[in-house]
Amino acid sequence: MVTKQTHLLWNPQDKRTLEDSNGNQVQNVVASDLLPMALMGCATHDVVEILIKQRQDLREIKVTAEHTQDDDPPWRFRKIHLKYQIFGKGISIEKAQKAIKLSEEKYCAVYVTLKDAVEITHEVEVVEVE
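Position in the sequence shown (from 1) plus 375 gives the number in the numbering used here.
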């Protein structure tokens, strides 16, 4: 089991500074946006690693999250929909879909943690580039 630390510093000048377990910092992000951002980051890391292992000529991945929350406090998340755009040369749509499925079912800690509490869906588009 691995234990890590993340940090948050609040002050009137800088507002919120968040620091991940590697020391990377981000400032003033909308707190509720961090949940879909964490899901995108986790899943995309897995998808990239899997596609590279599958010897796909991957150039770029762009992921957009659309999320639905309740209208009233505490604004619970109900749905997160991820839209993957995978750019590369000769990328197989089947391999891209398999990589996403493996991330969801086996590798992404954020997905596994959320899947029973939030409806998570996705779509994928492969874009051919030279």
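No residue lacks a Cβ here, since even glycine has one placed at the ideal position from N, Cα and C.
The residues LEU414, ILE495, in chain order, have a CB closer than 7 Å to that of LEU489 in the same chain once the five nearest residues on each side in sequence are set aside.
Under the rule that a run must span 3 or more residues, the beta strand (DSSP E) segments found entirely inside the stretch 426 to 499 read 432 to 444, 452 to 464. Looking at the DSSP output, GLN400 shares a beta bridge with GLU394. With respect to the 8 Å criterion, VAL438 and LYS458 are classified as neighbours on the basis of their beta carbons.
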